[in-house]
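Novice:
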Amino acid sequence: MKLGVRQLALAALAAVFALAATAGPSAPVGAAGDPGLSSTEIVLGGTHPFSGPASAYGAYGKGVEAYFAYVNDHGGVNGRKITYKDLDDGYSPPQAVQLVRQLVEDDHVFAMFNTLGTPVNTAIRPYLNQKEVPQLFVASGASTWGRDSAKFPWTIGWQPNYQSESILYAQNLLKEHPNAKIGVLYQNDDYGQDYLDGLNKGLGAKKNLIVKAASYEVTDPDVSSQIAGLKAAGADTFFIFATPKFSSQALAIAAQQSWHPTIYLNNVSSSQTTMRAATTAAGAAATNGVITTLYSKDPGDPKWAADSGMKLYMEIMAKYVPGADTANGYYLNAMGVAFTMVDALTKAGKEITRRKLMDTAEHLRETNNPFLLPGIVVETTPSMRFPITQEQLVRYDNGQFKAFGPLVDARALIGSELR
Amino acid sequence: MHDLAQQIVSGLATGSIFASLALALVLIYRSMGVINFAQGEMAMFTTFIAWQLVQQGLPIWAAFALTIVVAFVGGVALEVVLIRPVERAAPLTIVIVTLGLLITLNGLAGLFWGYVVKPFPTPFPTTPIHVGSVSFSAQDIGIILVSLAALGIITLFFQKTKLGLAMRAAALYPDESRVLGIRVSRMLALGWGLAAVMGAISGIMVAPVVFLDPNMMQGIIVYAFAAAVLGGIESPLGAVIGGLVLGVVLNLLGTYVEAIGTDLRLGVAFAIIVVVLLFRPAGLFGRVGTQRV
Amino acid sequence: MMSSPRIDRRIGIAIVALAIVILPWVLPAYGSFELTYVGAYAIAILGLVILTGLSGQISLGHGAFLAVGGYTVAILGQHAGVPYWLSICAAGVICGLLGLAIGLVASRLEGVYLALSTFALAVATPSILKHFKGLTGGSGGITLPTIAAPGALHAGLSPEQWLYYLTWAIAGLLFFVASSLLRGRIGRSLRALRDNEVAAVSFGVSPSYYKTLAFGWSAAYAGIAGALVAVATAFVSPDSYGFAVSLALVTGAVLGGLDSLWGALIGAVIIEFLPLWAQKISSAAPSIVYGLALIVVMLFAPGGIAGFFRRVVVDLRRRLPTHSRRPL
Chain A
230 MKLGVRQLAL AALAAVFALA ATAGPSAPVG AAGDPGLSST EIVLGGTHPF SGPASAYGAY
290 GKGVEAYFAY VNDHGGVNGR KITYKDLDDG YSPPQAVQLV RQLVEDDHVF AMFNTLGTPV
350 NTAIRPYLNQ KEVPQLFVAS GASTWGRDSA KFPWTIGWQP NYQSESILYA QNLLKEHPNA
410 KIGVLYQNDD YGQDYLDGLN KGLGAKKNLI VKAASYEVTD PDVSSQIAGL KAAGADTFFI
470 FATPKFSSQA LAIAAQQSWH PTIYLNNVSS SQTTMRAATT AAGAAATNGV ITTLYSKDPG
530 DPKWAADSGM KLYMEIMAKY VPGADTANGY YLNAMGVAFT MVDALTKAGK EITRRKLMDT
590 AEHLRETNNP FLLPGIVVET TPSMRFPITQ EQLVRYDNGQ FKAFGPLVDA RALIGSELR
Chain B
847 MHDLAQQIVS GLATGSIFAS LALALVLIYR SMGVINFAQG EMAMFTTFIA WQLVQQGLPI
907 WAAFALTIVV AFVGGVALEV VLIRPVERAA PLTIVIVTLG LLITLNGLAG LFWGYVVKPF
967 PTPFPTTPIH VGSVSFSAQD IGIILVSLAA LGIITLFFQK TKLGLAMRAA ALYPDESRVL
1027 GIRVSRMLAL GWGLAAVMGA ISGIMVAPVV FLDPNMMQGI IVYAFAAAVL GGIESPLGAV
1087 IGGLVLGVVL NLLGTYVEAI GTDLRLGVAF AIIVVVLLFR PAGLFGRVGT QRV
Chain C
3 MMSSPRIDRR IGIAIVALAI VILPWVLPAY GSFELTYVGA YAIAILGLVI LTGLSGQISL
63 GHGAFLAVGG YTVAILGQHA GVPYWLSICA AGVICGLLGL AIGLVASRLE GVYLALSTFA
123 LAVATPSILK HFKGLTGGSG GITLPTIAAP GALHAGLSPE QWLYYLTWAI AGLLFFVASS
183 LLRGRIGRSL RALRDNEVAA VSFGVSPSYY KTLAFGWSAA YAGIAGALVA VATAFVSPDS
243 YGFAVSLALV TGAVLGGLDS LWGALIGAVI IEFLPLWAQK ISSAAPSIVY GLALIVVMLF
303 APGGIAGFFR RVVVDLRRRL PTHSRRPL
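Sequence order for the protein chains is A, B and C. Position one of the first sequence corresponds to residue 230 (my numbering), numbered consecutively onward. Position one of the second sequence corresponds to residue 847 (my numbering), numbered consecutively onward. Position one of the third sequence corresponds to residue 3 (my numbering), numbered consecutively onward.
#1: Strictly below 8 Å CB to CB, what residues from chain D border Tyr-445 of chain A?
#2: For Leu-62 of chain C, count the other beta carbons within 10 Å of its own beta carbon; 16 or more makes it buried, fewer makes it exposed. Which is it?
#3: Name the chain B residues whose beta carbon is nearer than 8 Å to that of Lys-291 of chain A?
#4: Relative to chain A, which residues along the segment 849-883 of chain B have a C-beta separation below 8 Å, given in chain order?
#5: Is the segment 579-594 of chain A in contact with the segment 603-618 of chain A, if contact means three or more CB pairs nearer than 8 Å?
#6: Does any residue of chain A bring its CB to less than 8 Å from the CB of Pro-974 of chain B?
#7: Return no unless some Cβ of chain C is closer than 8 Å to the Cβ of Val-566 of chain A.
#8: Once the 5 residues before and after Leu-131 of chain C are set aside, which same chain residues still bring their CB inside 8 Å of it?
#9: Within the same chain, show all residues whose beta-carbon is closer than 7 Å to that of Val-1030 of chain B, passing over the 5 residues directly before and after it, in chain order.
#10: Suppose the cutoff is 7 Å on Cβ atoms and the five residues either side in sequence are ignored; what does the same chain contact list for Thr-516 of chain A look like?
#11: Thinking C-beta only, is Asp-1109 of chain B closer than 8 Å to Ser-444 of chain A?
#12: Could you tell me if Lys-360 of chain A is buried or exposed, where buried requires 16 or more neighbouring beta carbons within 10 angstroms of its beta carbon?
#13: Can you find a C-beta in chain B that's less than 8 Å from the C-beta of Thr-448 of chain A?
#14: Between Leu-938 of chain B and chain C, is the shortest Cβ-Cβ distance under 8 Å, so that the two count as touching?
#15: So does the segment 860-877 of chain B actually touch the segment 1088-1108 of chain B, counting three or more Cβ pairs closer than 8 Å?
#16: Give me the subset of the segment 116-139 of chain C whose CB atoms are less than 8 Å from a CB atom of chain B, sorted by chain position.
#17: Under 9 Å Cβ-Cβ, which residues of chain B neighbour Asn-557 of chain A?
#18: Tell me the rounded alpha-carbon separation between Ser-262 of chain C and Gly-262 of chain A.
#19: Between which residues of its own chain and Ala-221 of chain C is the CB-CB distance below 8 Å, once the five residues before and five after are set aside?
#20: Under 8 Å, Cβ to Cβ, is there at least one residue of chain A near Leu-231 of chain C?
#21: Alpha carbon to alpha carbon, how far is His-406 of chain A from Val-290 of chain C? Give it in angstroms, no decimals.
#22: How close, in whole Å, do the beta carbons of Ala-255 of chain C and Thr-54 of chain C come, if the pair is a contact with beta carbons under 8 Å?
#23: Which residues in chain B sit within 7 Å of Ser-487 of chain A, going by Cβ to Cβ distance?
#24: List the residues of chain A whose Cβ lies closer than 8 Å to the Cβ of Tyr-1069 of chain B, in chain order.
#25: So, are the CB atoms of Pro-382 of chain A and Leu-586 of chain A less than 8 Å apart?
#26: Suppose the cutoff is 6 Å on Cβ atoms and the five residues either side in sequence are ignored; what does the same chain contact list for Tyr-39 of chain C look like?
#27: Would you say Pro-1054 of chain B lies against chain A (beta-carbon separation less than 8 Å)?
#28: Looking only at DSSP bridge pairs, what is Met-341 of chain A linked to?
#29: Is the segment 386-400 of chain A touching the segment 416-431 of chain A, taking contact as three or more C-beta pairs under 8 Å?
#30: Tell me the rounded alpha-carbon separation between Gly-953 of chain B and Pro-1060 of chain B.
#31: Excluding sequence positions up to five away, which residues of its chain have a Cβ less than 7 Å from the Cβ of Ala-173 of chain C?
#32: I want to verify the contact list: residues of chain B whose CB lies under 7 Å from the CB of Glu-453 of chain A, in sequence order.
#33: Any Cβ of chain B within less than 8 Å of the Cβ of Tyr-292 of chain C?
#34: Pair every Cβ in the segment 78-94 of chain C with every Cβ in the segment 192-203 of chain C, then say whether three or more of these pairs are closer than 8 Å.
#35: Would Val-1120 of chain B be called buried (16 or more neighbouring beta carbons within 10 Å of its own) or exposed?
#36: Any beta-carbon of chain C closer than 8 Å to the one on Gln-621 of chain A?
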């Protein structure tokens, strides 16, 4: 094990050069002192998984970038163009932690926006709050972003949180099927567990209606064993807390095993692409009657074709993400949250500081988001920091999501159940 | 009681998924003693090609046939470009090359086709089949039948044809085979081509059930390895039986043994690999005493 | 006549050590932070260099030991309030023992069979961690207290600098220990087994003893590395210990060079910064760049970067006259 001088010196130099190479050009510092701001530019930072097993969610980053490009081409925000530095964290908390420090300390971003994933956001939250850098509209439905806002005031979520969605289903179930026997399929990670916890909370004293809860791993080839077990346990109601691929499987396999329970499907998978995949594999019986919620418009659903928000979406996709699969709802959801970000920046005004942006985010009232269902209001107050709490219950019927009942607001529930 | 029957039947269905990919693994191992970590991704990639052809308007059988040809050519090309230069290198080098191939193929599939899950066309009818209290789909039967057919063809090929004999000789005794006039390098490339074809078949059969996305095979590959090891990593028959047994065992353990549940399935697969390799490396159906490494 | 290589080596070590000491004062805080990870990974990869380069065992599953080390620190810190210098030692010990136990089994498995087994272990690690959710907190993970320099040093060092020096001090110590042990009987026996197993056995060197030892040793190093990574990240969760982590360690060892302890350092720099470089080349698919890099290096420079440089230096030495060889 011997080496010459040159090799050792080269190793040391390599480290230094490596570090230098990762340093990007410094971003401007505003006159007011907050970094990432100049008269013509505002710099935001983000991390998304563009590689690794969670890379499906990389579409969020692309959607955000596309919307910001569109806004920039139409004058920007308060005369400033948005520069979004979006890096690949591979859904790995150690990676994300390092990237966020780099974005804050080297790229001098003004704020972090739409960082994706519950473990990632949990890992970066303490640092960002300590440095008083806004961690805005994170891409995760965990309830902690709203619930723990006293401890982490610089962090805020956006999408309806998973637990309140489960509570909405529980309420509907207790009204329509009070003696149901419930079987649950859930993904064995924080997101699936969150939904299950919400269901338990929503059922309250009646949580013994759950006869069996079966989990699956993302490495499982299929969920046939779990479904067989739920059917054998006598469940007549089936909650699916699964990502799109496994939801399609669950729906198809249930039909193939001749099990026809009342099905509640989580919002994460409530898209036409998921339903169509199941219908293709197992026929219309697999998907008819499935109950789920929607809060944004589904680009795979032809009923929105003439809608101005959907047209805007298609226009932006065609121009800025050509060749992408426009039916992928992640792109549209991303534009939805990007719209809120631009809205918050606009309302914070030209003389913007981090503190002011955070205050705006805590006093938000947005009624005109073109990508959300009509009637949905993005609203926060300092004591109620869940921006979107309304969802529409829908039932899938012969290829269409048909709304039933009004928009339901979980805001009241959040107060009592999740605090 | 009907739960047990259904669990067994579902286990056979899932197990047939493992079996089909395990056959591809066995083919490569038999032809050159290499464990190809990229086999699953090769299968996934060729399945995407089949999907693309169907999207372009080709009828299903034409698309499948064309995909098989493409897979064969691709497998041969990979062997010539990537594996041949490092054929005689340390085992670690080949392992790293196949791992690099795994990552690259996964990234390319994501780049070309994105990560939205896609349904995959199947020639089989979609209505479920009922036998007593047990239900399954025609696709499940299809996978088993195709795997058995492939098994039959592979076995006949190796036992009864001159080419098959030449391939076996080239794998076991490369130097002696060269003396006898067998083009060993050609045999190895052929082995990769055939394994790629088997992988494509596996992917095409399996995708209608698990749905198509770039990460489709990442869970399956470990179970396929466990199936191949259990059955005997040189034995095509072992791959099929190993796969079916593994599927059933995992289902039964997951359902009836509380301590294991569904989150230790991979742990069980890992344990099976280790225990079999330790105590009976030839697996259930392999020949005892053959050491390639 | 003094032996040139040994002076060269000491000068080399001095240069690197000097660079390591100075860098935190020259670099911004996030730079020290990233180099802290380099130090931790260097420790883990060093273990692999010993395991794979010296004792010839291929492990595609050392991420499992990173996980055990990380969770040890997290659990001891969060539930028992153990100060992390103590829990880092505990991580090393626990992983070392675990590694010895696994090594007893591993030493009986041939090359690719061991690769296959450890591959399965790497893929299974997250679900195993989730299974024992009473201990590990399940998929939610465990948050660790944030880093801070201890009282006396508080005034002089930022938390990032403190963690950096702690990590590199541990790394330096572990490199020194490895270097010394490898110069002694353990190293000779391992090299003898690698170069000619039959002859070594006839001299009384037991393959399974040394292979098991190498496995336990590399596991202990990986455990300490995992503990340091957990302290730096201040968070552990099961899904961050998937196959990608084990793959990164192996590729770091292979790309850095398995013939040299310094390969571990080079490898750590590579796995820390290659993903960032890959993003600059193609934001669409960093993994393609990563995979191609692996293939290209294996085809053209299988000795890794350290091996490549060694060839360059040997070539240069042969061509250029040196003072020690030719008197004027």
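For every residue, glycine included, the Cβ atom is placed at its ideal position computed from N, Cα and C.
Specialist: If we stick to the structure as given:
#1: Annotation note: the requested chain D is absent from the structure, which comprises protein chains A, B and C.
#2: buried
#3: Going along chain B, no residue has its Cβ under 8 Å from Lys-291 of chain A, so there is no contact; the nearest lies around 10 Å.
#4: Asp-849, Gln-852, Gln-853, Ser-856, Gly-857, Ala-859, Thr-860, Ile-863, Phe-864
#5: yes
#6: yes
#7: no
#8: Ala-69, Tyr-73, Thr-138, Pro-240, Tyr-243
#9: Ala-1016, Pro-1020, Ser-1023, Arg-1024
#10: Leu-480, Met-504, Ala-507, Thr-508, Tyr-625
#11: yes
#12: exposed
#13: yes
#14: yes
#15: yes
#16: Ala-117, Leu-118, Ser-119, Phe-121, Ala-122, Leu-123, Val-125, Ala-126, Ser-129, Ile-130, Lys-132, His-133
#17: Gly-960, Tyr-961, Val-962
#18: 49 Å
#19: Gly-49, His-64, Phe-67, Cys-97, Gly-98, Leu-100, Gly-101, Leu-102, Ile-104, Gly-105
#20: The question names Leu, yet the displayed sequence has Val at residue 231 of chain C. Closer than 8 Å: yes.
#21: Strictly speaking, residue 290 of chain C in this sequence is Ile, with Val absent from that position. Whole-angstrom Cα-Cα distance: 51 Å.
#22: 6 Å
#23: Pro-974, His-976, Ser-981
#24: Pro-450
#25: no
#26: Glu-274
#27: yes
#28: A:Gly-274, A:Gln-364
#29: yes
#30: 8 Å
#31: Gly-41, Ala-44, Ile-45
#32: Looking at the sequence provided, one finds Ser at residue 453 of chain A rather than Glu. Those are Ser-856, Ala-859, Thr-860, listed as they occur along chain B.
#33: yes
#34: no
#35: buried
#36: no
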